[in-house]
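Visitor:
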């Protein structure tokens, strides 16, 4: 069973406007996992900075997205994220890398000064797909840059569609949660392998 679990925030009633109250908005949160701590003596003597994650403008307003066919995109007005996907990916990477205990420090640009490496990324897709069966698609790219030279030393693209069991928005959120969890796990494993390879040189 995956460590990621779906937490659905309580339904919030939007204040009444005009003559009547509007439809209630439901907010959803993706649970940030913890990585298993590293064994003693297997850490890497480097500091990491996890930069802001880029995402399309439509993805940053909080509404859960869906795609119909090849070109048409839409958004659920009454189903929204507690935190937008770009913030979730950044915060999750920070917590996963910190909780591994393998690095001297892991911070964001707001807190770090002179990191050895900078992690940057972009989310391409994070939405429900209706074509014709319902699935949850996650597509993102993460890069690791040498802070001194600016050179990209490692990168990984993750793209996967997770089947959705059910036809309701909470079912889609659950599949997006599992899909993103799998992708971030692969990315953190890839970073671990990169630094392990450097140490072996």
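In my numbering, the protein residues as written are 14 to 214.
All residues carry an ideal CB built from backbone N, CA and C; glycine is no exception.
1) So, are the CB atoms of residue 168 and residue 154 less than 8 Å apart?
2) CA-CA distance, residue 62 and residue 83?
3) Taking all protein chains shown into account, decide if residue 99 is buried (16 or more other Cβ within 10 angstroms of its Cβ) or exposed.
4) For the alpha helix (DSSP H) that residue 112 lies in, which residues bound it at each end?
5) Which same chain residues end up closer than 6 Å to residue 159 when comparing Cβ atoms and leaving out the 5 residues on each side of it in sequence?
6) Tell me whether residue 68 is buried or exposed, calling it buried when 16 or more other Cβ atoms sit within 10 Å of its Cβ.
7) Can you look up residue 118 in the DSSP assignment and give me helix, strand or coil?
8) Thinking C-alpha only, which one of 173, 92, 178 is nearest residue 38?
9) Take residue 101 and list the residues in its own chain whose beta-carbon comes closer than 7 Å to its own, dropping the five residues that flank it on each side.
10) Exposed or buried, which one is residue 150 when buried takes at least 16 other CB atoms within 10 Å?
11) Nearest chain B C-beta to residue 158 closer than 8 Å, yes or no?
12) Taking the alpha-carbon of residue 203 as reference, which of 156, 66, 35 has the nearest alpha-carbon?
13) Does the beta-carbon of residue 35 have 16 or more other beta-carbons within 10 angstroms, so that it is buried, or is it exposed?
14) For the beta strand (DSSP E) containing residue 215, list its first residue and its last residue.
15) On the premise that residue 60 lies in contact with residue 112, defined as a C-beta separation below 8 Å, what is that separation, rounded to the nearest angstrom?
16) From residue 148 to residue 73, what distance separates their C-alpha atoms?
17) Tell me, please, which residues DSSP counts as bridged to residue 86.
18) Report buried or exposed for residue 142, applying the criterion of at least 16 other Cβ atoms within 10 angstroms of its Cβ.
19) Buried or exposed: where does residue 206 fall if 16 or more other Cβ atoms within 10 Å of its Cβ makes it buried?
Guide: Based on what the coordinates show:
1) yes
2) 36 Å
3) buried
4) 98-113
5) 166
6) buried
7) strand
8) 92
9) 43
10) buried
11) Judged by its chain identifiers, the structure shown contains no chain B, having just a single protein chain.
12) 156
13) exposed
14) Since the first residue of the chain shown is 14 and the last is 214, residue 215 is not available in this structure.
15) Residue 112 to residue 60, Cβ: 16 Å. No contact.
16) 21 Å
17) 80
18) buried
19) exposed
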